[in-house]
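Below is one structure, written out as structure tokens; the observations come after it.
Residue numbers (the numbering used here): 7 to 397.
Here it is in structure tokens:
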């Protein structure tokens with residue numbers, strides 16, 4: 007499968023695309039609103055970063071307890087339930103006078119649900135597409151994420167200015183309800199991909215099986231760590247420039263969109279195993295410019311260029327699927343997604359802590375140094391994994 011026409015001809019791809027898009031739009035609008043709300047209330051770069059990306063840490067708990075459900079629940083019911091949970095949680099976040107600790111309790115609960123939702127959604131994508139269609143389908147979902155983040159951060163910033171952060175949170179809750187309705191009435195009823203009841207023990211058993219193979223293990227680490235450190239840098243956009251943070255987020259999404267378009271549609275199979283390390287270096291190196299505390303136009307250019315490097319994740323996911331049994335595909339993709347989000351939370355916490363002690367610009371440059379170092383250290387082992395995956 008190499009064309010978008012072939013992809014859109016798959017019956018269930020369009021509604022799954024719509025569900026994913028509504029979820030991304032809801033998280034973008036509500037995430038920016040929450041970051042501004044917490045920063046206004048506390049003046050803390052650390053708490054602001056954690057309010058936007060800290061819920062990702064809860065996905066680590068979900069990956070170790072809930073992930074067996076990704077292949078053992080009916081996909082339509084699971085995706086509908088997750089979207090409803092997010093809508094209700096976001097409505098609670100909009101309640102005036104809610105203490106900061108209560109805000110964090112709600113978003114951590116959302117993070118747990120997100121870990122399950124990611125595994126179900128990506129497992130369903132792999133199920134409805136032919137074997138050679140996952141990379142193209144995943145790239146389209148990523149591109150829609152980029153477009154919706156561009157629009158969502160712009161609209162979210164406008165809503166925060168014209169209404170209030172709480173008004174923007176209400177808009178986010180409405181988008182989650184759209185995702186729930188689209189899932190319920192747009193997707194077909196499918197049985198679970200695997201038999202048995204989901205349990206913590208089954209989650210641990212499958213995670214051990216996935217983690218036990220060195221090629222899969224190095225792929226998971228490469229998918230989690232360099233990405234998470236750079237998202238840590240992104241989590242400081244509000245502290246770096248509270249007034250124009252929406253522009254930085256929007257251009258970061260634009261760069262990600264360009265990279266995913268290139269990787270999903272135009273990079274030949276021969277080059278996929280060879281471009282991972284350069285793309286992960288591209289993700290980090292431009293952020294070194296933040297050591298100089300650049301003005302906004304330069305910062306926007308650096309962020310846009312760097313974000314094209316997120317496309318490396320698409321190439322690594324293709325290798326991960328090639329090295330994973332089909333009956334574990336949902337859990338493998340869920341573990342990858344949850345681990346990525348968890349490391350983004352770790353990156354946000356680390357970056358926020360450094361910024362608290364120094365400055366947002368210095369912390370962003372520090373995250374870039376760490377990300378590039380991890381990429382260089384993993385490169386030899388990733389070359390061997392690409393050979394085993396036949397890429």
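Even glycine gets a Cβ: it sits at the ideal position worked out from N, Cα and C. These numbers were taken from a predicted model, which means no experiment stands behind them.
Spatial distance of residue i from residue j (CA atoms)
i: residue 44; j: residue 103; result: 12 Å
i: residue 1; j: residue 108; result: The chain is shown only over 7 to 397; residue 1 falls outside these bounds and no answer can be derived.
i: residue 83; j: residue 305; result: 43 Å
i: residue 116; j: residue 187; result: 18 Å
i: residue 237; j: residue 258; result: 10 Å
i: residue 195; j: residue 120; result: 21 Å
i: residue 280; j: residue 272; result: 14 Å
i: residue 339; j: residue 28; result: 20 Å
i: residue 355; j: residue 348; result: 11 Å
i: residue 158; j: residue 30; result: 9 Å
i: residue 374; j: residue 286; result: 11 Å
i: residue 232; j: residue 199; result: 31 Å
i: residue 205; j: residue 250; result: 45 Å
i: residue 22; j: residue 298; result: 43 Å
i: residue 392; j: residue 90; result: 39 Å
i: residue 226; j: residue 167; result: 40 Å
i: residue 111; j: residue 105; result: 10 Å
i: residue 209; j: residue 70; result: 6 Å
i: residue 383; j: residue 363; result: 28 Å
i: residue 16; j: residue 76; result: 22 Å
i: residue 361; j: residue 55; result: 10 Å
i: residue 34; j: residue 228; result: 25 Å
i: residue 177; j: residue 390; result: 47 Å
i: residue 277; j: residue 146; result: 19 Å
i: residue 369; j: residue 300; result: 14 Å
i: residue 267; j: residue 24; result: 18 Å
i: residue 138; j: residue 88; result: 28 Å
i: residue 214; j: residue 203; result: 18 Å
i: residue 46; j: residue 248; result: 10 Å
i: residue 201; j: residue 165; result: 45 Å
Short CB-CB distance (under 8 Å) between residue i and chain B
i: residue 200; result: The structure shown contains no chain B; it is built from a single protein chain.
7 Å CB neighbourhood of residue i in its chain, flanking five on each side removed
i: residue 163; result: 38 and 252
i: residue 282; result: 318, 321, 322 and 388
i: residue 366; result: 51, 242, 245 and 246
i: residue 124; result: 340, 343 and 344
i: residue 153; result: 263
i: residue 160; result: 252 and 256
i: residue 48; result: 106
i: residue 335; result: 129, 132 and 327
i: residue 143; result: 13, 19, 131 and 135
i: residue 394; result: 221 and 329
i: residue 224; result: 384, 387, 388 and 391
Residue j beta carbon less than 8 Å from that of residue i
i: residue 140; j: residue 131; result: yes
i: residue 377; j: residue 308; result: no
i: residue 98; j: residue 57; result: no
i: residue 219; j: residue 74; result: no
i: residue 270; j: residue 315; result: no
i: residue 346; j: residue 261; result: no
i: residue 371; j: residue 254; result: no
i: residue 189; j: residue 302; result: no
i: residue 353; j: residue 182; result: no
Environment of residue i [buried if 16+ CB atoms lie within 10 Å]
i: residue 230; result: buried
i: residue 191; result: exposed
i: residue 26; result: buried
i: residue 12; result: exposed
i: residue 122; result: buried
i: residue 240; result: buried
i: residue 135; result: buried
i: residue 333; result: exposed
i: residue 185; result: buried
i: residue 324; result: buried
i: residue 358; result: buried
i: residue 9; result: exposed
Neighbourhood of residue i by C-beta distance below 8 Å, restricted to the same chain and skipping five residues each side
i: residue 118; result: 64, 65, 67, 68 and 72
i: residue 5; result: The structure shown does not extend to residue 5, since the chain spans only 7 to 397, so no value can be given for it.
Cut-off 6 Å between Cβ atoms - residues of its own chain near residue i, not counting five sequence neighbours on either side
i: residue 179; result: 93, 96 and 97
i: residue 385; result: 283
i: residue 175; result: 36, 39, 96, 99 and 100
i: residue 380; result: 231 and 232
i: residue 292; result: 308, 311 and 312
i: residue 151; result: 30
i: residue 296; result: 367, 370 and 371
i: residue 148; result: 266
| Given 8 Å, three or more beta-carbon pairs between the segment 39-53 and the segment 162-178 | Yes, they touch.
| query | Counting pairs of Cβ atoms below 8 Å between the segment 192-209 and the segment 74-88, do you hit three or more? | reply | Using a C-beta cut-off of 8 Å, the segment 192-209 makes contact with the segment 74-88, since at least three inter-stretch Cβ pairs fall below that distance.
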